[in-house]
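Below you'll find the structure, written out as structure tokens, and then a few comments.
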Amino acid sequence: MASPQTEAILRRAIAGITSSVDVNYAAIAGFTLLFYDYILTFADEVKFIWTSRRSLGKLLFFLNRYVTQIDLLLQIHLYTNLSLSKKPLNHTTYSFFSNIRDSRCTYGFKASLWLNLFVMMVTELMLVLRTYALWGGNKTILIVLGLAFMLCDAACFGLLIEITRSIYYVRAPTKFVRSCYFDAEYYLLYGYFVPSLVFQVIIFSLTIWKARQHISAKPELSPLFETLYRDGFLFFIVVFAMTLANHLVFILGSNDYKRLLNV
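Take the sequence shown: its letters are residues 13 to 275, numbered as in the numbering used here.
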């Protein structure tokens, strides 16, 4: 019969393997959905975006479209067990990278976090432009949105600095877990999602407000405005659901599953 210490080690090893597989699946699933969307919309991108005149909106579109893919590829590179090396590389961290060092995991994960913030800011700027257009170029709305954007992203920027400082690597629970294995001050990561959610609520509120004005003045909306309002509502619902899921992972999940927060 195994000793209590051995049983504890086995439980920890099983939990580590399970969470590692789940994180791997989440990373690959995210990239698969993104790539599927890319294939479906590539023809429209070439037809409507590539041939359009240069503008801030066009630049933001390409940044959002392609930097997101780079970020997800980097996360897959960090989290999955593809191309596993046969031996653990040191006594603290196991990784699928060939001849990887702990610093490579550190720099890779930090780069992924900063790319994530960059993509989030690009997305928010696209929402600012869309909401500004819905309000007919209202300068007051632009000022409100600009202040909200700067304040929310300044908060995210400050939190991300502290998050990257708090990252440290721990001994993997078993030699079979060879992806980058880290720990951090997860309460900071929890707070990181709050400013973005506040910004989304502001965008959603202004969209609802303008939609009510449009419907009151003219019940029959044009196809363009109907699409803008519909997509705005759906976007908020999806973002809110994802943010809620992140919070639930933080509250209910173990530290192993909190690595999903960056996926």
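We put the CB at the ideal spot given by N, CA and C, even for glycine.
Length of the line joining the Cα atoms of residue i and residue j
| i | j | result |
| --- | --- | --- |
| residue 258 | residue 39 | 15 Å |
| residue 214 | residue 164 | 11 Å |
| residue 240 | residue 248 | 12 Å |
| residue 175 | residue 201 | 7 Å |
| residue 238 | residue 119 | 44 Å |
| residue 243 | residue 233 | 14 Å |
| residue 77 | residue 56 | 13 Å |
| residue 59 | residue 177 | 44 Å |
| residue 222 | residue 155 | 16 Å |
| residue 51 | residue 61 | 15 Å |
| residue 37 | residue 117 | 19 Å |
| residue 229 | residue 65 | 33 Å |
| residue 264 | residue 151 | 43 Å |
| residue 41 | residue 246 | 21 Å |
| residue 153 | residue 231 | 23 Å |
| residue 227 | residue 48 | 35 Å |
Selected residue, minimal CA-CA separation from residue i, among the options
| i | options | result |
| --- | --- | --- |
| residue 146 | 225, 65, 202, 123 | 225 |
| residue 88 | 44, 75, 50 | 44 |
| residue 167 | 154, 155, 150, 206 | 206 |
| residue 83 | 129, 253, 237 | 129 |
| residue 253 | 222, 67, 209 | 209 |
| residue 135 | 65, 155, 70 | 70 |
C-beta atoms of residue i and residue j nearer than 8 Å
| i | j | result |
| --- | --- | --- |
| residue 216 | residue 179 | no |
| residue 140 | residue 169 | no |
| residue 171 | residue 203 | yes |
| residue 212 | residue 261 | no |
| residue 143 | residue 255 | no |
| residue 75 | residue 124 | no |
| residue 127 | residue 86 | yes |
| residue 137 | residue 72 | yes |
| residue 53 | residue 131 | no |
Boundaries of the alpha helix (DSSP H) in which residue i is found, first to last residue
| i | result |
| --- | --- |
| residue 178 | 151-178 |
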